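J.:
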Ligand SMILES: Nc1ncnc2c1ncn2[C@@H]1O[C@H](COP(=O)(O)OP(=O)(O)OP(=O)(O)O)[C@@H](O)[C@H]1O
Ligand SMILES: Nc1ncnc2c1ncn2[C@@H]1O[C@H](COP(=O)(O)OP(=O)(O)OP(=O)(O)O)[C@@H](O)[C@H]1O
Ligand SMILES: [Mg+2]
Ligand SMILES: [Mg+2]
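Residue numbers (my numbering), protein chains in the order written: chain A, 1312 to 1550; chain B, 3 to 349; chain C, 5 to 260; chain D, 4 to 370; chain E, 319 to 609.
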């Protein structure tokens, strides 16, 4: 991994909520074309990392994306810089239709034909969304909302996708489907930073992984290494 | 040994402090009552100060009772002055027309109580739309209610129409204001720290979940509206007999917004906040009088700045320990103690 | 006699048939799982049982008593409690109050006693508080009893939701995706936990879940929904190899 | 303190903010002018010394409770010797109660409701409350008789503000007197304070085809009412009461009010020397024409000045007694006579006609 | 019959005035779910701008209208930046109370500068046509046409443009919107500019129709706009319009067919009844609440 390959560098990241520190100096990096996964128990601070990177929470430390310091950049400029974030809990606009949700995600794009192409692609990936284009986002079932959230991230044409538990609440077929789609997107050249509870699958598709415990990175390695690590097996893979 | 010793000591101290509180409130109340009676009887307090204290008391009653709906239950009622009007007119009609003048002074508490009950009855009726409607829709219901009350009063010549009603004697004295203020704070505090009060809170937090957790949300709403409007009616009765004159315009939307401002200034869902809000607002209005017109320019600015720096009001969602029930405090203290021990024991 | 008996349950949302002709009988102490693709109508079934929605057709009986048309709190008082797919705690209240609120139905004092703190008030409050603290202790949540619910980590919030549901003293407990957002290890713990709840509180449980490990591990019987219709029902082993279920829900690769 | 000894403190309660700020502003202007005149002349001679007047102005924010607390403050904190204001009856009433029980004379310049000077329980006159204006029943009767006798109209319509005690009071008296003397009220329509649209009521009035329409409303509302009526094609003339009596009406109305009559306290053109001087001074000081509130406030201070001079000392009771004994006072709003034991002046009204964009004297109406 | 038509026309005029004010109100209210209680006072400022421009600069109708709208829009955006923006993450009522404070400030500040009512000179020559026994004035027609036109434009903006989409998204959840690459600040400023600009326009038209203005003219009108917006269905531009016409019609027709003394009583009782029958307003639907 050379410096020019580095897409995202996070160093010494600290995040506090109401005076209580949730992240205590986290450092890691993501290189172009990788899938990197963060695993950790509930409340370890995984989501907080993603929120800091996409500018939703204030933080101490540095986040550098393609050589550019993201600190003090408002969240919408960070999206423009090429980072899309599928937040925890999906963040669907319940009063917008499925189609509008997708179009809104392409807010900063000017190239109409490319947007139309991407829209088609999202509908191909998730045919259920095509059937429901006119339905309000708030009326979708949990799984449908998740598809919509991932679809939105694709519509922004970002280079780096931050996915926060994309498989949460999905049926087994869809879980596999989502992971397949993540690998596919990745093969097409997108870099993915993935937060997952389904550590089995996450470690399978990830090039590298970091393990987070109470706001600190305690372990890192390739996906395969960690999947084989007995401590990890016991703590996160259920034996 | 040493550590458990200290922990025990803190616990024991705490317990003593709480048991001592058993006497704190009765003592405060007794002193307050005694002082107000003395002040009333022997006039050693300036009449102007007395009048302002009376206003403060009435405003505390209004603020605390509106806080029950707007702060604890999380609704946005903008018709509180309407309930106040019902209480004021009922009580005044009783002292002026029903009671013979010789017993008006004795009958005063009964008249005020009747005003409260009349307002409570109306509050019951207003609660019914709240079963189906929430938020701003309910705000309009309360707004319309306030307008209807005003319009009805304007059209009944028997109560003076727009000319208003007079003939009341100045029966609102410091002791009575003290009594009713203390009563309203005490009763609403009791409600808040009861099963029904927690029901009120749960309606604010998540009505559907509350319903599914066995809370009878309709019952809760009725209780909240009835209690709140009861005290608004009481405040109305006191107000009428402090000014010796009422007219429908006194109870318009501007009066309601005044109470709203006091509630949110002091802080939602906080009795201490309501008291602080009412005291500060009433006193500031008087103190800033020399500013003339600029007083009314300055006050709203102050409010805006305060809301920006303390969006939930001065006490928002916080309460002084003095109002919390002893039982809860003791469990909480015990719990903190164990937690502290656990963390002390940890390496 | 079954504890819960649902027959011919049908529900439409503005033309969309979310549940159609659903039948289910649950015997006391059973643990039945409802699975199915996303949007199949599982949560809607829970909402119909608990009275959040009124069914378009069909009947729901608890111990032979008709539930349809009753308000949610009345149904809860008859003995049905639930958790939510998206956690719905009373976030600005303390953990203790969250559980005490669920005692609403059983507090035996009148509003007047509450307003004046007289009569049965003190004894009842003490009883409720003790009962709530006991329940929290059983759930090992007592150490956060005075924290605001919003400040709890996700896992504890899920746990608190279950505790709150049990505080209503249900006979039937409905769990909607309790394992969502948990890692495999935590899911294993949850499985044990659910079994333990069932024994300790002797409740009947109806469970919606997508984590096959949990479903197959603890459910005695499964119902599979797809597009609101029941496509399979029976023992987990049988259901898991049902071709329709494989196609609609588990995916071909999961075939044994 | 020393200040207290060398000054006569007079309190003024005015509606500076709240629903009728224009009334408060005129009141304050006139009061300041009256006090400045006295002080410029060296003050008031009490005994062997001249005392300057110190004016303490309190805003009641258009609220009854603040009127009461302002009055109480002036009495107990500022220790004023007398109070002028508030103006609207709904604010004057609670302040009057306080003044009566505090035993301080209060003159309300503009409150025309009979109750303001009466004890609310016994209906006897209050001892400490006076006013500078005539009362509603008198004025309502004047207009009704003028309409019947001078204008010879028999069918009248009324449009008034039901939420305002002044408008409603006059409207009702007008109706009673008009009907007693053989007239017929064909429409008796209302609106609520702050309404700007009267089309519905006016359409109804048009339907009733009155010969004249009585508008006992404020000068800020009357132009809207007349303009809207004309737009609806109503040709009947209008008639009004003293609340028309501000030159603002002429500005707001333009030519729409030409030829109409109203009753008021004084006629500037037919006035004597003092009145003309007052108007000129006020104009030069505030570059505005004084309205009725200003004139009445000025007269209230005139009354006080006279009372102080006759009392000869800076003492509340003495001032009150002197006020009660003033038999006759020639003010800028005409001659007032006080009957024994009553705070209400007996004064004549005048009927003005709007002619060539000016208020011109038309007739006197003796009480 | 002519009586009825005349009253209907009256109702239409008053209704369109209310609708016009409610439109701007709903814009801010529906999008940011913030009750801008200062709207009525911004409307008043619009009328005062109109007065200043027409009297001191002697401008004609169109420039007066446009400049007043611009002035009020700027004021609205400034107020948003200073007073409401710090409260974005605070509970909703904080912003409401702040708005109440801002409104009081605007009223009393204007009052402190000039307490007397002002007269607006006629900027347009008014013609009254008489059809049968029904009188129609050109002003009525202007007000009705202009407010309908503005409504159509607004409806288009909210439902058919990308900016409108972003506004609606903000009304749902403003924390997520930046993740779509949308600048929340810009959209909110835009919303405020449009909403308060419309308030300014309403102020100008209102002061043409009712040419006596004073610092408190916005209070009651503000509350009535709130009523219209809610009765029509919150956040619904067409609903606000309908709400305005309903309120206008109720006020006019009640006074027309009942003793006018009971107008407020009957009108508000009718509104109350309407809300009890349709608890979410005429066009409103309950927010999709998935349990
Ligand atoms: N808005 C907030 N206010 C206060 N504390 C918070 C807030 N958000 C998160 N926390 C706390 O910060 C810590 C880290 O939270 P975070 O959401 O990043 O964890 P996570 O690893 O994503 O957990 P999960 O698997 O449950 O999503 C937790 O202890 C949590 O309670
Ligand atoms: N309130 C509602 N209004 C309209 N449609 C709704 C509503 N609630 C649910 N639906 C629709 O009904 C269908 C069933 O929804 P339901 O929430 O029951 O699915 P589910 O089986 O629980 O799915 P998941 O496993 O994703 O939670 C979905 O297609 C959903 O879009
Ligand atoms: Mg997370
Ligand atoms: Mg579901």
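Note that CB positions come from ideal geometry on N, CA and C, so glycine has one too.
As the structure is a computational prediction, the values presented were derived from the model and not from experiment.
Work out the CA separation of residue 196(B) and residue 169(C) for me, nearest whole Å.
T.: When rounded, the distance between both Cα atoms is 20 Å.
J.: Cα separation between residue 574(E) and residue 272(B)?
T.: Spanning the two alpha carbons is a distance of roughly 47 Å.
J.: Can you list the residues of chain A that residue 491(E) reaches, using a CB-CB cut of under 7 Å?
T.: Per Cβ cutoff of 7 Å: 1402, 1404.
J.: Should residue 1500(A) be labelled buried (16 or more other beta-carbon atoms within 10 Å of its own) or exposed?
T.: Residue 1500(A) comes out exposed.
J.: Quick check on this structure: which residue in 1530(A), 1546(A), 1545(A) has the alpha carbon closest to the alpha carbon of residue 1348(A)?
T.: Nearest option by C-alpha distance: 1530(A).
J.: Measure the CB-CB distance between residue 1426(A) and residue 1363(A) and report whether it falls below 9 Å.
T.: No, Cβ-Cβ distance for residue 1426(A) and residue 1363(A) is not below 9 Å.
J.: For the 8 Å Cβ check, are there 3 or more pairs between the region 84-104 of chain D and the region 162-180 of chain D?
T.: These segments touch.
J.: Is the region 1475-1491 of chain A touching the region 146-158 of chain C, taking contact as three or more C-beta pairs under 8 Å?
T.: Judged by Cβ distances under 8 Å, the region 1475-1491 of chain A makes no contact with the region 146-158 of chain C, as fewer than three pairs qualify.
J.: Spatial neighbours of residue 85(C) within its chain, please: C-beta separation below 6 Å, excluding the five flanking residues on both sides.
T.: Once the five neighbours on either side are set aside, the close Cβ partners of residue 85(C) are 169, 172, 174, 177.
J.: Terminal residues of the continuous beta strand (DSSP E) containing residue 358(D)?
T.: Unbroken beta strand (DSSP E) run through residue 358(D): 352-358.
J.: Given a cut-off of 9 Å on the beta-carbon distance, is the pair residue 147(B) and residue 586(E) in contact?
T.: Cβ atoms of residue 147(B) and residue 586(E): closer than 9 Å.
J.: Does ligand 4 have a heavy atom nearer than 8 Å to the CB of residue 1332(A)?
T.: Not under cutoff, so the answer is no.
J.: Indicate whether at least one CB of chain B lies closer than 9 Å to the CB of residue 60(D).
T.: Yes, because at least one Cβ of chain B sits closer than 9 Å to the Cβ of residue 60(D).
J.: Strictly by DSSP, which residues pair up with residue 421(D)?
T.: As displayed, chain D neither begins before 4 nor continues past 370, which places residue 421(D) out of reach and without an answer.
J.: Please enumerate, following chain order, all residues with a beta carbon closer than 6 Å to at least one heavy atom belonging to ligand 1.
T.: Here the residues come out as 1328(A), 1329(A), 1333(A), 1351(A), 1353(A), 1354(A), 1355(A), 1356(A), 1357(A), 1358(A), 1359(A), 1399(A), 155(C), 157(C), 158(C), 185(C).
J.: Which one of 275(B), 37(B), 239(B), 226(B) has the shortest CA to CA distance from residue 318(B)?
T.: Among 275(B), 37(B), 239(B), 226(B), the Cα nearest to that of residue 318(B) is on 275(B).
J.: Determine, for residue 48(B), whether the minimum Cβ-Cβ distance to residues of chain D falls below 9 Å.
T.: So yes, residue 48(B) belongs to the interface.
J.: If contact means a Cβ-Cβ distance below 7 Å, which residues of the region 535-562 of chain E contact chain A?
T.: For the region 535-562 of chain E, which is checked against every Cβ of chain A, not one residue is closer than 7 Å.
J.: Which partner residues of residue 1376(A) appear in the DSSP bridge assignment?
T.: Bridge partners of residue 1376(A): 1319(A), 1379(A).
J.: Give a yes or no on whether the minimum CB-CB distance between residue 66(D) and chain B is below 9 Å.
T.: With 9 Å as the cut-off, residue 66(D) counts as an interface residue toward chain B.
J.: What does a CB cutoff of less than 8 Å around residue 1356(A) pick up in its chain, not counting 5 residues either side in sequence?
T.: Contacts found: 1326, 1333, 1334, 1337, 1523, 1525, 1526.
J.: Would you tell me roughly how many angstroms separate the C-alpha atoms of residue 176(D) and residue 267(D), rounded to the nearest one?
T.: The alpha-carbon atoms of residue 176(D) and residue 267(D) are separated by roughly 16 Å.
J.: Could you check if residue 97(D) is buried or exposed, using at least 16 other CB atoms within 10 Å of its CB as the buried criterion?
T.: Residue 97(D) should be labelled buried.
J.: Just to confirm my understanding: we take residue 179(C), look at its own chain, exclude 5 residues before and 5 after, and list those with CB closer than 6 Å. What are they?
T.: Cβ within range, chain order: 87, 211.
J.: Kindly indicate if chain B contains any beta-carbon less than 9 Å away from that of residue 80(C).
T.: Judged by the 9 Å Cβ criterion, residue 80(C) is in contact with chain B.
J.: Residue 9(B) by DSSP, collapsed to three states: which one?
T.: Confidence in residue 9(B) is poor, its pLDDT being 44 and thus under 50, which makes the residue's placement too unreliable to answer from.
J.: Taking the continuous beta strand (DSSP E) assigned at residue 1342(A), which residues delimit it?
T.: Its beta strand (DSSP E) spans residues 1331-1342.
J.: Cβ of residue 230(C) within 8 Å of any heavy atom in ligand 4?
T.: Because no heavy atom of ligand 4 lies under 8 Å away, the Cβ of residue 230(C) does not count as near it: no.
J.: Using a beta-carbon distance below 9 Å, is residue 135(B) in contact with chain E?
T.: By this cut-off, residue 135(B) is an interface position.
J.: State the Cα-Cα distance for the pair residue 1441(A) and residue 361(E), rounded to the nearest angstrom.
T.: Roughly 45 Å between the two C-alpha positions.
J.: For residue 579(E) and residue 544(E), what's the separation of their Cα atoms in angstroms?
T.: Going from the Cα of residue 579(E) to the Cα of residue 544(E) covers about 24 Å.
J.: When you compare each of 210(B), 308(B), 183(B) to residue 65(B) by their alpha carbons, which one comes out closest?
T.: Minimum Cα distance to residue 65(B) is reached at 183(B).
J.: Locate the beta strand (DSSP E) running through residue 21(C), then write down its first and last residues.
T.: From DSSP, the beta strand (DSSP E) with residue 21(C) extends over 20-30.
J.: So for residue 232(C), helix, strand or coil by DSSP?
T.: In the structure shown, residue 232(C) sits in coil (DSSP, three-state: anything other than H, G, I, E or B).
J.: Buried or exposed: where does residue 129(D) fall if 16 or more other Cβ atoms within 10 Å of its Cβ makes it buried?
T.: Classification of residue 129(D): buried, given that the 10 Å Cβ count is 16 or more.
J.: Please determine, among 353(E), 358(E), 495(E), the residue with the shortest C-alpha to C-alpha distance to residue 531(E).
T.: Ranking 353(E), 358(E), 495(E) by Cα distance to residue 531(E) puts 358(E) first.
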